[in-house]
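What follows is one structure encoded as structure tokens, with my remarks underneath.
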Amino acid sequence: MSLPVLKAADFASDQDVRWCPGCGDYAILAQMKKVLPELGVPREKIVFISGIGCSSRFPYYMNTYGMHSIHGRAPTFATGLKSTRPDLMVWVITGDGDALSIGGNHFIHVLRRNLDINIVLFNNRIYGLTKGQYSPTSSEGQVTKSTPMGSIDHPLNPLSVALAAEATFVARTLDAHVKHLGTVLKRASEHKGTSLVEVYQNCNVFNDGAMAYAQEKKQRADNVVELEHGKPLVFGKENEKGIRLVGNHLEIVNRSDVQDDDLLIHDEKDPNPSIQMMLARMRYPEMPEPIGVLRQVEGVATYNDQINDQVALAKQKQGEGELEKLFHSGDTWVVN
Amino acid sequence: MTTKKEVKSVSGITVRLAGDSGDGMQLLGTQLTNTSALAGNDVATFPDFPAEIRAPRGTRAGVSGFQVQFAQTEIFTPGDTLDALVVMNPAAMVTNIQDLRKGGILIANEDGFTEKDFKLAKVDANPLDATVINDSYRLIKVPMTQLTRTAVSEHGLSPKIADRCKNFFAMGLVYWLFGRSLDPTLRFIENKFGRKPDVASANVTALRAGWAYGETTEAFGESYQVDAADLKPGTYRNIMGNQALALGLVAASRLSNKDMFYGTYPITPASDILHELTKHKNFGVRTFQAEDEISAMCATIGAAFGGTMAVTASSGPGIALKAEAMGLGMMLELPMIVINVQRGGPSTGLPTKTEQSDLLQAMFGRNGESPLPIIAPQSPADCFDMAIEAWRIATECMVPVMILSDGYIANGSEPWKIPTTDSLSHIKIEHPAGIEAGEPFLPYLRDENLARPWAIPGTEGLMHRLGGLEKENETGNVSYDPANHQFMVETRAAKVANIADRIPDQEVFGESSGDLLVLSWGGTYGACHTAVQRCQQAGHRVSHTHLRYINPFPKNLGELMKGFDRVLVPELNMGQLRMLLRAKYLVDCIGFNKVQGKPFAVSELIEQIEAQLASPVAA
Ligand SMILES: Cc1ncc(C[n+]2csc(CCOP(=O)(O)OP(=O)(O)O)c2C)c(N)n1
Ligand code: SF4
Ligand SMILES: [Mg+2]
């Protein structure tokens, strides 16, 4: 039987999209609808689960199964679903507040368990839905509705958190760089294990241009380094700059001053996340920020496989459960 | 082994074993219970242990006790006053002696009563020497540590290990005193210590030495015998409440042809359900130890969405964490079970003690109008039936169902008449079949129970989105329409209220009218039933009714209360059921409320019933 060929439009639900005009969320929705038909997974086998936030409205707009859950907890719903229904493709849609503030606990635990799902974290560095308070990824000193004198929190970097939890797939992309976005989403979907994709997403209402240094085409070349496995880290309008590892830190060099062999070669497959962590910690303006896949390691058992393997093993060892036997286990006695 | 001494027949015995947490009293108690159950007695138990794993040795805080009543008649409680008390040290003695009846047997491990032990227990002098003790009780001092050491010396164990055998010595002595067979415990030792043959044989030696001591010492002139009880014919086993809940859940999953997902975070006194379920993965049980109770609850909802039988359990503090997600479960209208094994609150409260103080939390502990069905097992064995009942209601109505158990029935045990598997009725579940893409599907179209279809991911054409935002009737789309919201709130409430049509009418034990009705719920069944039974025997016009269905109440409950001049509602809380009854039926119920972390004693209930009967009826 051949599967019907689906188009992006087949993944659109009948609900009106209600994000602000110009919001970065639209681009992510469009790319998702474009990527899904390429995967060959029927719509009824796909589930989107989200938390709460502007970004978390996403499932309503997809013609798949979906659940708009509660704030911060989407990974846990996904855990129950994927553990019992490993046949489904499960996507988690979350925001920076949703994943890293209220849901921080679940975020690290789903990553360490390596549940075979894909998490897309819409990072606009602000609380959108509640109208503009600072978030755990807002920059220090940022003035928002709740920080008129500037934020005094040190921001959290989602990629560092994910790497610390030894997530098996960690990537970053941009809503404004749709081709890159599409590629990264596709790669995430192909990975077996938890995939984390951080998307720099512009909230044009409450935090417009917060990541313009990376989003705007003109600035991007100098402020972003596109990672490619096995390739040296180069960036700049003419690819004239590179990154090299010196001792235990990274530095920017002019390629004219060094041999290409001296540049850091990106290894997303390295099970040791130390150098990937160094990449994650590169922050604008001191360093260009990495986009692409920082880490993709294979061969780590997934939670859903293991929970189901144990059931299969128990059946093999103890035999298929029989109520009669279960009830009568232990000492019994008969009253006549 | 049979005794050569005189044997006195009695109808029942209540005994408590009390010692340091490390003295193995829980083990001793469980063995005595199982042995008595196997002898055909009716049994009821009450383990009572401190929250600390190893409270300082010899202190009052570290005392661990296990009470068991075994009888040749049907019993419903572990007994009020003790016929015999075994104490391993002064702390155990001073914290328990008040429950021993006058003339009762007090067996003390004399070796545990040294100057050092007095200090630890904060007593000035040896309490065994007190005149009142010697006058009031039949005190038998046994140098258990010494006797055990001598008995096991041939096994060449280290003194520390040798001393650990003394609970088996105590066990042997207790077994002799109550004419119990050593065989079940010998089998247990073989199973438990089989891999350490020297320890196993030393324990056997200690057990036999204890028995022989009873037979030879002049301190005991006679032993006691309790004949088999007249239980209904059938095959029985002894079962604890949490274990019964676990077996009931497994049974429900089989009866509905569903695999089970159990998401939870460890908490006393609910953890044993997890420990039990995780042994039964061969029934398709998947257990998930989550990072917290919120995760456990949400994962349970996720599993329910996928079409699995989904269950979570916790105790009060954990249920508080689950509240927001439970509200979502109610909005999504998915079937699942939420178990609260209640403990003493508020806050961390009394983790190892019992209470019924989470009833209003279960009723109202979520934001918005979010009623859930609530049922409550009445005894350890009843946990089995109520687990199945919860799943039946959950799937019939597409709703999370709450089970309110408590620490008393969770850890207590009683004989369970094992059901034949064909006596358990099948739970029918239907998932809508796939449809052509493009055809309309209405995820919130309701059936005669007001339940919506359980359409599960993977089914062609039924793609739909669930969520916590208010939904439009039938389509399930997000809706802010005022009239729709009112309609949906009322419909969700009606769905739960209508369950009353499908649950049994409330029954009365005794006459359907009289001077007083005792109305109880949950784990207090045994004490209330026994108290009313005794009052009836004393000629009082008292009846008892016990609620297992709390939301909704059985349909005839209001009418039933009208038959009585007074309604007494005993609860291990400050009057939570009473508040619900008053609100719903405008009946001026009288409360009898105890919050000491302890179950009701039958005697205090009788006292209360008699006091109420003696006072004039409120106009
Ligand atoms: C338990 C709970 N607390 C608070 C809120 C209010 N709330 C809704 S969304 C949100 C923040 C969302 O920020 P983010 O995750 O960054 O999503 P965005 O709207 O930016 O996409 C908050 C605080 C809520 N819905 N639930
Ligand atoms: S508030 Fe910001 S994030 Fe939310 S929809 Fe509007 S632009 Fe997008
Ligand atoms: Mg945000």
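In order, the protein sequences belong to chains G and S.
Taken in order, the first sequence gives residues 1 to 336; the numbers are from the numbering used here.
Taken in order, the second sequence gives residues 1 to 619; the numbers are from the numbering used here.
Virtual Cβ for every residue (Gly too), placed ideally from N, Cα, C.
Have a look at the DSSP bridge pairing and note the partners of residue i.
i	result
T235/S	V334/G
E474/S	Y444/S
L100/S	L82/S
H249/G	V246/G
E289/G	V224/G
Q612/S	Answer by DSSP bridge pairing: none, since Q612/S is not bridged.
A18/S	G65/S and V87/S
M402/S	V338/S and I374/S
Taking the C-alpha atoms as reference points, what is the distance between residue i and residue j?
i	j	result
H485/S	A310/S	28 Å
M1/G	P457/S	With a pLDDT of 48 at M1/G, under the threshold of 50, the modelled position of this residue cannot be trusted; read the value that follows with caution. Cα to Cα, the separation comes out at about 21 Å.
G365/S	Q608/S	31 Å
T137/G	E198/G	12 Å
A202/S	D111/S	19 Å
F76/S	S189/G	58 Å
V518/S	A527/S	11 Å
G65/S	M25/S	6 Å
W19/G	C54/G	7 Å
L100/S	G79/S	11 Å
G95/G	L29/G	14 Å
L466/S	G66/G	6 Å
G29/S	R113/G	40 Å
N340/S	L581/S	21 Å
M287/G	L274/S	50 Å
Y525/S	A301/G	48 Å
E324/S	G263/S	16 Å
V508/S	A37/S	29 Å
L613/S	R566/S	8 Å
V532/S	N109/S	38 Å
A157/G	L255/S	The sequence as given places Asn at residue 157/G; Ala does not occur at that position. Going from the Cα of N157/G to the Cα of L255/S covers about 49 Å.
K622/S	T35/S	With chain S covering only 1 through 619, there is no way to say anything about residue 622/S.
L560/S	L115/G	53 Å
Going along chain G, which residues have a C-beta under 9 Å from residue i?
i	result
D259/S	T84 and V311
Y236/S	T332, W333, V334 and V335
P233/S	V334, V335 and N336
L27/S	Within chain G, no residue comes near L27/S; the closest Cβ sits about 15 Å away, beyond 9 Å.
In chain G, which residues lie with their C-beta within 8 Å of the C-beta of residue i?
i	result
G40/S	W333 and V335
P184/S	D331
S11/S	Under the 8 Å cutoff, chain G gives no residues; its nearest Cβ is about 17 Å from S11/S.
Report the neighbours of residue i on chain S: residues whose CB is nearer than 8 Å to its CB, in chain order.
i	result
F77/G	C298, A299, I301, G302 and F305
F122/G	By Cβ distance, chain S contributes nothing, its closest Cβ being about 17 Å from F122/G, past 8 Å.
For a contact meaning CB atoms closer than 7 Å, what does residue i contact in chain G?
i	result
V414/S	The sequence shown places Glu at residue 414/S, not Val. Correct list: empty, because the minimum Cβ distance to chain G is about 14 Å.
F283/S	G321
R286/S	S83, T84, I307 and V311
E460/S	E44
For a contact defined as C-beta to C-beta under 7 Å, what are the partners of residue i on chain S?
i	result
T64/G	M463
V47/G	P457
A314/G	K281 and N282
Cβ of residue i versus every heavy atom of ligand 5: is any distance shorter than 8 Å?
i	result
S295/S	Ligands present in the displayed structure are limited to ligand 1, ligand 2 and ligand 3, and ligand 5 is not among them.
Please compile the residues from chain S whose C-beta is within a distance smaller than 9 Å of the C-beta of residue i.
i	result
I243/G	Going along chain S, no residue has its Cβ under 9 Å from I243/G, so there is no contact; the nearest lies around 36 Å.
Report task. Starting from the N-terminal side, write out each stretch of the beta strand (DSSP E) that is 3 residues or longer and does not extend beyond the region 324-395 of chain S. Result -> 336-342
Query raised in the report: Where in the region 233-311 of chain S do unbroken runs of the beta strand (DSSP E), each at least 3 residues long, occur, reported from the N-terminal end onward?
Result: 234-240, 260-264 and 285-289
Query raised in the report: With a cut-off of 8 Å, do at least 3 Cβ pairs link the region 412-421 of chain S to the region 442-455 of chain S?
Result: no
Query raised in the report: Do three or more CB pairs link the region 213-230 of chain S to the region 136-152 of chain S at distances below 8 Å?
Result: yes
Query raised in the report: Can at least three beta-carbon pairs, one atom from the region 24-41 of chain G and one from the region 77-84 of chain G, be found at a separation below 8 Å?
Result: no
Report task. Entirely within the region 48-120 of chain G and at least 4 residues each: give me those alpha helix (DSSP H) ranges in chain order. Result -> 74-84 and 104-113
Query raised in the report: Is there contact between the region 420-433 of chain S and the region 534-552 of chain S, where contact requires at least three CB pairs shorter than 8 Å?
Result: no
Query raised in the report: For the 8 Å Cβ check, are there 3 or more pairs between the region 492-503 of chain S and the region 51-68 of chain S?
Result: no
Query raised in the report: Can at least three beta-carbon pairs, one atom from the region 124-133 of chain S and one from the region 178-198 of chain S, be found at a separation below 8 Å?
Result: no
Query raised in the report: What are the complete alpha helix (DSSP H) segments, minimum 4 residues, inside the region 97-143 of chain S?
Result: 115-121 and 131-136
Query raised in the report: How do the region 379-388 of chain S and the region 5-12 of chain S stand: do at least 3 beta-carbon pairs fall below 8 Å, yes or no?
Result: no
Query raised in the report: What residue ranges within the region 455-527 of chain S form continuous alpha helix (DSSP H) runs of no fewer than 4 residues, ordered along the chain?
Result: 482-497
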